[in-house]
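Student:
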Amino acid sequence: MSRRYKRAWRSLAAALIVLMAVSAGRNIYLNRRFPEPGQVWVDEGEALTFNGCELTVTGSRAFLDHEDITAYYNEPKWKIWANILIENTSSSPSSIVVRDIRLQSGAWCGYMDLFGFVSQNDHVEGTTITLMPGESCQVEVPFPVYYDPRLDEMYRELKTGSCPLNLVYTNYPVKNQCRLDYTVEK
Amino acid sequence: MKNVLKMEVRRALGNYRFFAALAAGLFLVFWHFIQFSIPYMAYQEVYSNGYMLYPHNVYERCMLGDIYGLQVHIFALCLPVLAALPFGASAYEDTRGGYDQNILSRTDRKYYFTAKCAAAFLSGALVVLIPVLTDFLLNMCLYPTIRGDITTGWDGAAIGGMLPEFYYAHPFLYTLMIWSFIGLFGGIYAVMALSVSRLASNVFIVLLFPALIQMFYNFTCSLADVPSWETTCYFDLAQSARYMRAWKPLCVAAGFLALSLFMYGMMARKKDVLDR
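Given below as structure tokens:
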């Protein structure tokens, strides 16, 4: 190897070492500033505290919705309904954004069906629920699982009720999760 | 053998083509860093409805993780050319220039061709891995290495892809796995270019041969509607191709390597310099 290329390699190695040192230092700082979120796990019936409110999943059910076949998804879809009781236990008005609640199963994540939520919950005006101190509200939140070839295994597990599902409400740096003990309706 | 190997490695890593290919790879990295990584800092520490949104992490913001950026796709398409550039045409040039006659009169034929193959594999792997490593280090300066969260929808890895649970549990090990695929394919493409040295009449054919093979192979997979077998899917962290599995890249790599080594062996088998 000629001297010119030796010099080029040395410069490259030096640049990489400097970059490694800088990025390691910066990354230690960034990891302190943005730590791994803490995980809070509860089961159905237990309360999750969030923003001065207590969220309790009082029941959940799953069923294959044969009627709700749309032009975009011409396969039947699963629908998971979660009944959530929201109570303001703080001494000041507090609000919860229901659409920020996600349904998770392993590496799959589902979002709330807005139309289903609105049609099912006439007593609330939107997905942001504001409660006075001591006030409580019960909502039924639908999560659709549209058919996709990637979800074959999940569909099979949903039929037998063995698919692990949990509701997630992330309030970084805390990830609140509730395991669903759902019943499969025929 | 040791001396020949040392000499071939020096030739492979100490030529202007190696640094030109490296510069092309680094150009893509800096382009992505300036166009996406730096501006995306504005979306870090964002508050919504009174609470902070989950922070972005280095695995989804680096070039390989950012599948919505153009650069990772250019990198995947150009990977065979980048890998072949440093030493892929060396056998062709040695034959044309008469270098192989000189070296073969001094050492065993087997040693020379084995050393050349190893040096080409090493140069092909290094030339694609250095930009990828640089990209990761640059992004580590801006983003934390915390694990991604599927509920944010920011990380591309999802159900049906390749080991998504592993990605969310051990993202760094997952990244190392993707890097090893990139290095493996880089090395294989460099050997593939070497293997057609005696068949080609032009150096451009030698350098573009791996790219043409990749293009033809991916086109065939695309026609057959099996995207998870396309090689370009193996070079990003999202791995969102349908039915993607970890053994598929290994199968494709083994097939390509076997084909390349077979062709290389056929080329190296010629007994006399007058045979060419």
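Residue numbers (the numbering used here), protein chains in the order written: chain S, 1 to 186; chain H, 1001 to 1276. Cβ coordinates follow ideal geometry from the N, Cα and C atoms, glycine included.
1) How about Gly134 (chain S): is its C-beta nearer than 7 angstroms to some C-beta of chain B?
2) State buried or exposed for Tyr29 (chain S), treating a residue as buried only when at least 16 other CB atoms are found within 10 Å of its CB.
3) Are the C-beta of Gln138 (chain S) and some C-beta of chain H separated by less than 7 angstroms?
4) Find out if the Cβ-Cβ distance for the pair Val1203 (chain H), Val1196 (chain H) is shorter than 7 angstroms.
5) Could you name the residues of the stretch 1131-1149 of chain H whose beta carbon sits closer than 9 angstroms to any beta carbon of chain S, in the order they occur along the chain?
6) What does the alpha-carbon distance come out to for the pair Asp1144 (chain H) and Asn27 (chain S)?
7) Is there a Cβ from chain S that is less than 7 angstroms from the Cβ of Gly1124 (chain H)?
8) Which chain S residues are close to Asn1003 (chain H), counting only those with a beta carbon under 8 angstroms from its beta carbon?
9) Output, in sequence order along the chain, the residues in the stretch 1193-1207 of chain H whose CB is closer than 9 angstroms to any CB in chain S.
10) Interface residues of chain S around Gly1160 (chain H) at Cβ under 8 angstroms?
11) Who are the Cβ neighbours of Trp78 (chain S) in its own chain at under 8 angstroms, not counting the five residues just before and after it?
12) Considering only C-alpha positions, which residue in the set S:Phe34, S:Val42, S:Asp43, S:Cys163 is nearest to His1056 (chain H)?
13) Whole angstroms is fine: what's the gap from Val1252 (chain H)'s alpha carbon to Trp1229 (chain H)'s?
14) Please name the residue, chosen from S:Asn51, S:Val141, S:Ser162, that lies closest to Gly126 (chain S) on a Cα-to-Cα basis.
15) Listing by chain order, which chain H residues have their CB less than 7 angstroms from the CB of Ala107 (chain S)?
16) Beta-carbon of Gly1014 (chain H) versus every beta-carbon of chain S: anything under 7 angstroms?
17) For Val174 (chain S), which of helix, strand or coil comes out of DSSP?
18) Which residues in the same chain as Cys137 (chain S) place their Cβ atom closer than 7 angstroms to its Cβ, once the five residues preceding and following it in sequence are excluded?
19) Can you name, in chain order, every residue of its own chain whose Cβ lies under 7 angstroms from the Cβ of Asn187 (chain S), other than the five neighbours on each side?
20) Among the candidates S:Gly38, S:Leu19, S:Ala14, whose CA atom is the shortest distance from the CA of Ile1146 (chain H)?
21) For Arg1276 (chain H) and chain S, any beta-carbon pair shorter than 7 angstroms?
22) Could you pull out every residue in the same chain whose Cβ sits closer than 6 angstroms to the Cβ of Gly1156 (chain H), ignoring the five residues on either side in sequence?
23) Is it the case that the stretch 13-21 of chain S contacts the stretch 49-57 of chain S, given that we only count it when at least three CB pairs across the two stretches are under 8 angstroms?
24) To which residues of the same chain is Arg1061 (chain H) closer than 8 angstroms at the C-beta, ignoring the five residues directly before and after it?
25) Just verifying my parser: in three-state terms, what is the DSSP assignment at Arg1276 (chain H)?
26) Between Ala1118 (chain H) and the rest of its own chain, which residues show a CB-CB distance below 8 angstroms, the 5 nearest in sequence each way excluded?
27) Given Ser1260 (chain H), which residues of its chain have a CB within under 7 angstroms of its CB, disregarding the five upstream and five downstream residues?
28) Can you round the beta-carbon distance between Ala1084 (chain H) and Pro1210 (chain H) to whole angstroms, since I take them to be within the 8 angstroms contact cut?
29) I'd like to know whether the C-beta of Arg26 (chain S) is nearer than 7 angstroms to at least one C-beta of chain H.
30) What residues in the stretch 1051-1081 of chain H have a beta carbon less than 7 angstroms from any beta carbon of chain S?
31) 7 angstroms is my cut-off, CB to CB: does Phe115 (chain S) come that close to chain H?
32) Give the straight-line distance between the Cα atoms of Cys1233 (chain H) and Pro1227 (chain H), rounded to the nearest whole angstrom.
33) Per DSSP, Val139 (chain S) forms a beta bridge with which residues?
34) Return the CA-CA distance between Ala8 (chain S) and Leu1173 (chain H), expressed in angstroms with no decimal places.
35) Taking the C-alpha atoms as reference points, what is the distance between Leu1223 (chain H) and Tyr1217 (chain H)?
36) Name, please, each residue of chain H whose Cβ falls closer than 7 angstroms to the Cβ of Arg102 (chain S).
Tutor: Inspection of the coordinates gives the following:
1) Judged by its chain identifiers, the structure shown contains no chain B, and its protein chains are S and H.
2) exposed
3) no
4) Their beta carbons are not under 7 angstroms apart, which means Val1203 (chain H) does not touch Val1196 (chain H) by this criterion.
5) Leu1133, Thr1134, Phe1136, Leu1137, Leu1138, Asn1139, Met1140, Cys1141, Leu1142, Tyr1143, Pro1144, Thr1145, Ile1146, Arg1147, Asp1149
6) A small fix is needed here, since residue 1144 (chain H) is Pro in this sequence, not Asp. Computed Cα separation, rounded: 6 angstroms.
7) no
8) The contacting residues do not exist; Asn1003 (chain H) stays about 14 angstroms from chain S at best.
9) none
10) Asp148, Pro149, Arg150, Leu151
11) Ala62, Phe63, Leu64, Asp65, Pro144, Val145, Tyr155, Leu158
12) S:Phe34
13) Their backbone Cα atoms lie some 8 angstroms apart in a straight line.
14) S:Val141
15) Ile1150, Ala1157, Ala1158, Ile1159, Pro1164, Glu1165, Tyr1168
16) yes
17) strand
18) Ile86, Val124, Ile129, Leu131
19) Nothing about residue 187 (chain S) can be read from this structure; chain S reaches only from 1 to 186.
20) Selected option, being the one with the closest Cα: S:Gly38.
21) Here Arg1276 (chain H) scores only 49 on pLDDT, less than 50, and its place in the model is too uncertain to base an answer on.
22) Ile1067, Ala1238, Ser1240
23) At 8 angstroms Cβ cutoff, the stretches do not touch.
24) Excluding sequence neighbours, Arg1061 (chain H) sits near Phe1036, Ser1037, Tyr1040, Asn1139, Leu1142, Tyr1143.
25) Low confidence applies to Arg1276 (chain H): its pLDDT is 49, below 50, so where it sits in the model is not reliable, and the reading given next is rough at best. For Arg1276 (chain H), the three-state secondary structure derived from DSSP is coil.
26) These residues qualify, in order along the chain: Leu1005, Glu1008, Val1009.
27) Non-local beta-carbon contacts of Ser1260 (chain H) in its own chain, meaning distances under 7 angstroms to residues more than five positions away in sequence, involve Ile1188, Val1191, Met1192, Ser1195 in chain order.
28) 5 angstroms
29) yes
30) Tyr1051, Met1052, Leu1053, Tyr1054, Pro1055
31) Judged by the 7 angstroms Cβ criterion, Phe115 (chain S) is not in contact with chain H.
32) 8 angstroms
33) S:Ile84
34) 31 angstroms
35) A straight-line Cα-Cα distance of about 10 angstroms links Leu1223 (chain H) and Tyr1217 (chain H).
36) Thr1151, listed in chain order.
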